[in-house]
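Each remark here refers to the structure printed beneath this line.
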Amino acid sequence: MNLSRRLGFQEDEKLLIIHADDAGLCHSENRATFEALQKGIVNSYSIMVPCPWFYEASVFAKNNPDLDNGVHLTLTCEWENYKFGPVLPISEVSSLVDENGHFFKNRDGVRNNAIAEEVRKELTAQIEKALNYGLKPTHLDSHMYSIGAKPEFLQIYKELGEKYNLPVLLNDELMEMAGLEADENIARNDLLVDKVHFGNFEYFEKGKLLEYYHNVFDELVSGLNIILIHPAFDDAEMQGVTINHPNFGSEWRQIDFDAFTSERLRSQLEKSGAQLVTWKDVGSVMNQ
Numbered sequence: 010m011n012l013s014r015r016l017g018f019q020e021d022e023k024l025l026i027i028h029a030d031d032a033g034l035c036h037s038e039n040r041a042t043f044e045a046l047q048k049g050i051v052n053s054y055s056i057m058v059p060c061p062w063f064y065e066a067s068v069f070a071k072n073n074p075d076l077d078n079g080v081h082l083t084l085t086c087e088w089e090n091y092k093f094g095p096v097l098p099i100s101e102v103s104s105l106v107d108e109n110g111h112f113f114k115n116r117d118g119v120r121n122n123a124i125a126e127e128v129r130k131e132l133t134a135q136i137e138k139a140l141n142y143g144l145k146p147t148h149l150d151s152h153m154y155s156i157g158a159k160p161e162f163l164q165i166y167k168e169l170g171e172k173y174n175l176p177v178l179l180n181d182e183l184m185e186m187a188g189l190e191a192d193e194n195i196a197r198n199d200l201l202v203d204k205v206h207f208g209n210f211e212y213f214e215k216g217k218l219l220e221y222y223h224n225v226f227d228e229l230v231s232g233l234n235i236i237l238i239h240p241a242f243d244d245a246e247m248q249g250v251t252i253n254h255p256n257f258g259s260e261w262r263q264i265d266f267d268a269f270t271s272e273r274l275r276s277q278l279e280k281s282g283a284q285l286v287t288w289k290d291v292g293s294v295m296n297q
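Going by my numbering, the letters in the sequence shown line up with residues 10 to 297, in that order.
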């Protein structure tokens, strides 16, 4: 039985999660994410445990237990002047960091340096830290989809989902984006997201990112869809975090926030006929 039927919908139903990545990254990201969840149409988010503002995000999660939240498993830090590294001592996971003890900037750094067992140790530690702070995550996903840097890292990701009985974000397009052959890395029992929708840099560069969001509800497919956004405010803090990095930078993130707290997108969601579901819903039928 397909996921739609298992969740109680018709087989050709369009199911949708509107998800905010990167909570915990910084205060600006947190503020915008919280507001988008409470006043906008966002219904899911995930938290970066290694980041400086994780604690604020964890307090929000505990105070809002009905909101879908996941662990945004982190192995990379893409920013020029804003750095963070593993939750474990560097001596235990030295293959995951550069000469200054920070995560590598991109998946290539992870692919070329990371040892699988140290990836497992660090990602397990991130989940355990979230649990120790009293969080009850609904799923696992991956910052920059860095778990796709190598097939063995993707396998670790799946195994962690099984260990903690949590669904993980798996999608063939994301695998291909990370450099994996999807057909070679999808198992028969994997629960796949049918379509992941996210803006790309070309839309932003041409000033058409908002237009993309206005049209995204027309692109939903039958089955499970996820719209991935990164809401934050285009303020001094976020500008400092994302300096010289317009791709998913502060201006981009302000557009994400503005779009998904707007009445226009709320109306378009209603007109689309899509059924909002959460990762918690998905997890509830995983073992059926």
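We put the beta carbon where it would ideally sit given N, CA and C, even for glycine.
Which partner residues does residue i have in the DSSP bridge list?
i: Asp150; result: His81
i: Asn234; result: Leu25, Lys204
i: Val177; result: Leu149
i: Ile56; result: Ala32, Val80
i: Phe63; result: Partner(s): none; Phe63 has no beta bridge.
Which term fits residue i, buried or exposed, when burial requires 16 or more other beta carbons within 10 angstroms of its beta carbon?
i: Phe207; result: buried
i: Glu193; result: exposed
i: Met10; result: For Met10, the predicted structure reports a pLDDT of 47, less than 50, and the residue's modelled location is therefore unreliable. The matter cannot be settled from this model.
i: Phe113; result: buried
i: Lys159; result: buried
i: Ile264; result: buried
i: Asn234; result: buried
i: Asn209; result: exposed
i: Gly216; result: exposed
i: Asn121; result: exposed
i: Lys71; result: exposed
i: Asp227; result: exposed
i: Glu214; result: exposed
If you check the beta carbons only, do residue i and residue j fall under 9 Å apart?
i: Ser151; j: Thr251; result: no
i: Glu127; j: Ser155; result: no
i: Glu301; j: Pro240; result: Here the chain covers residues 10 to 297 and nothing more, so residue 301 does not appear.
i: Ala283; j: Leu218; result: no
i: Asp199; j: Lys167; result: yes
i: Ser37; j: Asp244; result: yes
i: Leu183; j: Val80; result: no
i: Thr42; j: Ala66; result: yes
i: Leu12; j: Gly232; result: yes
i: Gly157; j: Leu189; result: yes
So the candidates are the options; which of them puts its Cα closest to the Cα of residue i?
i: Phe63; options: Arg40, Lys48, Ala45; result: Arg40
i: Ser259; options: Leu34, Arg14, Leu16, Ser13; result: Leu34
i: Glu89; options: Val205, Ser271, Ser13, Asn115; result: Asn115
i: Leu201; options: Phe210, Ala191, Asn209; result: Ala191
i: Glu185; options: Glu108, Leu163, Ser271, Asn78; result: Leu163
i: Gly292; options: Met57, Thr147, Ala134, Asn73; result: Thr147
i: Lys289; options: Asn78, Cys60, Val58; result: Asn78
Pair every Cβ in the stretch 138-145 with every Cβ in the stretch 176-193, then say whether three or more of these pairs are closer than 8 Å. no
Does the contact criterion of 3 or more C-beta pairs under 8 Å hold for the stretch 47-58 versus the stretch 26-35? yes
With a cut-off of 8 Å, do at least 3 Cβ pairs link the stretch 89-107 to the stretch 128-139? yes
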